[in-house]
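Undergrad: I'd like to ask some things about the structure below.
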Amino acid sequence: MDRQPMQGWVMVICNPVSGSGRGRAYLDRVRGALDEAEVRYASEVTQRQGDGTRLARSAVMSGCSAVVVIGGDGTFFEAVNGVMDPYEVGMPTGGDRDVAMGLVQAGRGSDFGRSAGIPSDVEAACARLVAGRTEQIDLGHVRYRTFGGKERARYFANAAGLGFDAEVTVRANRGSRVLGNTLPYLSSLLVTLGAYRNKRIRVSADGGAEWQARVNSIVVANGQYFGGGMKIAPDAQLADGEFEVVVLGDLGKLDLVRNVPRVYVGTHVTHPKVSVQPARRVEVRSPDRLLLQADGEVLGVAPALFTIVPSALRLIV
Numbered sequence: 047m048d049r050q051p052m053q054g055w056v057m058v059i060c061n062p063v064s065g066s067g068r069g070r071a072y073l074d075r076v077r078g079a080l081d082e083a084e085v086r087y088a089s090e091v092t093q094r095q096g097d098g099t100r101l102a103r104s105a106v107m108s109g110c111s112a113v114v115v116i117g118g119d120g121t122f123f124e125a126v127n128g129v130m131d132p133y134e135v136g137m138p139t140g141g142d143r144d145v146a147m148g149l150v151q152a153g154r155g156s157d158f159g160r161s162a163g164i165p166s167d168v169e170a171a172c173a174r175l176v177a178g179r180t181e182q183i184d185l186g187h188v189r190y191r192t193f194g195g196k197e198r199a200r201y202f203a204n205a206a207g208l209g210f211d212a213e214v215t216v217r218a219n220r221g222s223r224v225l226g227n228t229l230p231y232l233s234s235l236l237v238t239l240g241a242y243r244n245k246r247i248r249v250s251a252d253g254g255a256e257w258q259a260r261v262n263s264i265v266v267a268n269g270q271y272f273g274g275g276m277k278i279a280p281d282a283q284l285a286d287g288e289f290e291v292v293v294l295g296d297l298g299k300l301d302l303v304r305n306v307p308r309v310y311v312g313t314h315v316t317h318p319k320v321s322v323q324p325a326r327r328v329e330v331r332s333p334d335r336l337l338l339q340a341d342g343e344v345l346g347v348a349p350a351l352f353t354i355v356p357s358a359l360r361l362i363v
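Okay, here's the thing in structure tokens:
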């Protein structure tokens, strides 16, 4: 458990198209830093969706000491699931906690990096990788339904969202990757808002009584940030053993637009139609079609069961 992650061999997984090509450019700089530090490593580039999971799983099975991701939230999400190797249906497992994970932010989405305090500068990020200091962080685990009706399970490092947030994510993921992450998310938010109708949900948390409401979104947050820099859960901590569950209630369209700037600084939580509560286990159901995203990847629909997995991942910080 105390093994220095750079003392074994390291798998570097790069998304070459992340950040409009930054990923490929950063790969050479990461290789250079590892070469200079005399770290043994292998490197692979992703070519299609799911490669991050496949490559990380294979590296763990081959005995790597760390998996380093060059990319954004989506690539890190895939690699986390490869390291943890969850059952498709089932409750969360501990994974191989002795395998550390590192991140060099290259994607247009860098919300997990913000939440974890990982530097956005590539040279500073490489220096931290080589230093190899690690911390145990929590992961979220979600069971959900695919669009085809099958039950699946995935881990997530940062945040998952149901409702309007997931609808915006669908549109943002189809948008241009040239403009960064904040602008596509905001423009997608405005376009999605026109046709969106708030959803009916039923929620139970930590075995408490189920409650019902009509809401815009419900966000189950492990980290503070999502949506390209929005401070959606100001009190969230990656290693406190619980989620922050943020419910954006039955907000009207104009009210939502007016309060978007407040989300970037975290003051939206004082709005009378916004509620926040800590929880370790959250179940969300809906009679409506309620989309689910996790770490910026659209997975499927509710019903969804979220469980916190304390100290599940060893992160290079």
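For the sequence shown, this note's numbering assigns the number 47 to the initial residue and increments by one for each residue that follows. Glycine included, every Cβ here is placed at the ideal spot set by N, Cα and C. For clarity, every value in this text was computed on a predicted model and none was experimentally measured.
Let me know the secondary structure DSSP gives GLY65 once reduced to three states.
TA: In the structure shown, GLY65 sits in a helix (DSSP, three-state: H, G or I).
Undergrad: Only counting the same chain, and skipping five residues up and downstream in sequence, which positions put a Cβ closer than 8 Å to that of GLY253?
TA: For GLY253, where only same-chain residues beyond five positions count, the Cβ hits under 8 Å are ARG327.
Undergrad: Expressed to the nearest angstrom, what Euclidean distance is found between the alpha-carbon atoms of ARG179 and PRO51?
TA: Taking the straight line from one Cα to the other gives about 8 Å.
Undergrad: Look at the Cβ atom of ASN204, then the Cβ atom of GLY117, and state whether they are nearer than 7 Å.
TA: No, they are not a contact pair.
Undergrad: Any idea what DSSP makes of VAL311, helix, strand or coil?
TA: Helix.
Undergrad: Taking 7 Å as the threshold (C-beta atoms), are GLY98 and GLU124 in contact?
TA: Yes, these two residues count as a Cβ contact at 7 Å.
Undergrad: Whole beta strand (DSSP E) runs in the region 328 to 359 with 3 or more residues, listed along the chain?
TA: 337 to 340, all fully within the region 328 to 359.
Undergrad: Roughly how many whole angstroms lie between the Cα atoms of ALA358 and GLN95?
TA: Rounded to the nearest angstrom, the two C-alpha atoms are 24 Å apart.
Undergrad: For the alpha helix (DSSP H) containing THR180, list its first residue and its last residue.
TA: Note, THR180: premise wrong, no alpha helix (DSSP H); beta strand (DSSP E) at 180 to 191.
Undergrad: What whole-angstrom Cβ distance do ASN269 and ALA162 have, given they're in contact under 8 Å?
TA: Before going on, a small fix: residue 269 reads as Gly here, not Asn. At roughly 7 Å, the Cβ-Cβ gap stays under 8 Å, so GLY269 and ALA162 are in contact.
Undergrad: Whole-angstrom Cβ separation of ALA251 and ALA325, contact assumed at under 8 Å?
TA: Between ALA325 and ALA251 the Cβ distance is about 4 Å, and since that is below 8 Å, they are a contact.
Undergrad: Excluding five sequence neighbours on each side, which residues of the same chain lie with their C-beta closer than 8 Å to the C-beta of VAL363?
TA: Here the set comprises ALA162, GLY163, ILE164, ARG174, ARG179, THR180, GLU181.
Undergrad: Hey, how far is the Cα of GLN53 from the Cα of CYS172?
TA: Answer to the nearest angstrom: the Cα atoms are 15 Å apart.
Undergrad: For ASN305, which residues of its own chain have a beta-carbon under 7 Å away from its beta-carbon, when the five flanking residues on both sides are left out?
TA: Result list for ASN305: HIS314, HIS317, in chain order.
Undergrad: Just to confirm, are VAL56 and VAL114 a CB contact at a threshold of 7 Å?
TA: Yes.
Undergrad: Are the beta-carbon atoms belonging to GLY157 and TYR310 less than 7 Å from one another?
TA: Correcting the residue identity first, residue 157 is Asp in this sequence and not Gly. No.
Undergrad: Which residue marks the beginning of the beta strand (DSSP E) containing SER250, and which one marks its end?
TA: Per DSSP, SER250 belongs to the beta strand (DSSP E) from 245 to 251.
Undergrad: For the structure I just gave you, are there three or more beta carbon pairs, one from the region 66 to 83 and one from the region 103 to 111, closer than 8 Å?
TA: As far as the Cβ criterion goes, the region 66 to 83 does not touch the region 103 to 111, which means the pair count is below three.
Undergrad: Do ALA282 and ALA267 have their C-beta atoms within less than 7 Å of each other?
TA: Yes, the pair counts as a contact, with Cβ atoms nearer than the cut-off.
Undergrad: What are the boundary residues of the alpha helix (DSSP H) that includes GLY128?
TA: Counting along the chain, the alpha helix (DSSP H) containing GLY128 begins and ends at 119 to 130.
Undergrad: Tell me whether the beta-carbon of LYS196 lies closer than 7 Å to the beta-carbon of ASP334.
TA: No, the Cβ-Cβ distance between LYS196 and ASP334 is not below 7 Å.
Undergrad: On the premise that GLY209 lies in contact with LEU336, defined as a C-beta separation below 8 Å, what is that separation, rounded to the nearest angstrom?
TA: Going by Cβ atoms, the distance from LEU336 to GLY209 rounds to 6 Å, so yes, they are a contact pair.
Undergrad: Report the CB separation of VAL355 from PRO138 in whole angstroms; it is logged as a contact under 8 Å.
TA: Between PRO138 and VAL355 the Cβ distance is about 5 Å, and since that is below 8 Å, they are a contact.
Undergrad: Thinking C-beta only, is VAL261 closer than 7 Å to VAL293?
TA: Yes, the Cβ-Cβ distance between VAL293 and VAL261 is below 7 Å.
Undergrad: In the structure shown, what three-state DSSP assignment does ALA147 receive?
TA: The sequence shown places Met at residue 147, not Ala. The answer is strand: DSSP assigns MET147 an E or B state.
Undergrad: How big is the Cα-Cα spacing for LEU225 and ARG68?
TA: Its pLDDT being 46, under 50, LEU225 is placed unreliably in this model, and the value from its coordinates should be taken loosely. Each residue's alpha carbon lies about 13 Å from the other.
Undergrad: Could you confirm whether any beta carbon from chain B is found closer than 7 Å to the beta carbon of LEU351?
TA: Going by chain labels, chain B is absent from the structure shown, which holds only one protein chain.
Undergrad: Hey, out of ARG198, LEU239, ALA206, whose CA is closest to ARG217's CA?
TA: With distances taken between Cα atoms, ARG217 lies closest to LEU239.
Undergrad: Using alpha carbons as the reference points, say which of LYS277, TYR87, LEU284 lies closest to ILE312.
TA: The question names Ile, but residue 312 is Gly in the sequence shown. Out of LYS277, TYR87, LEU284, LYS277 has the C-alpha closest to the C-alpha of GLY312.
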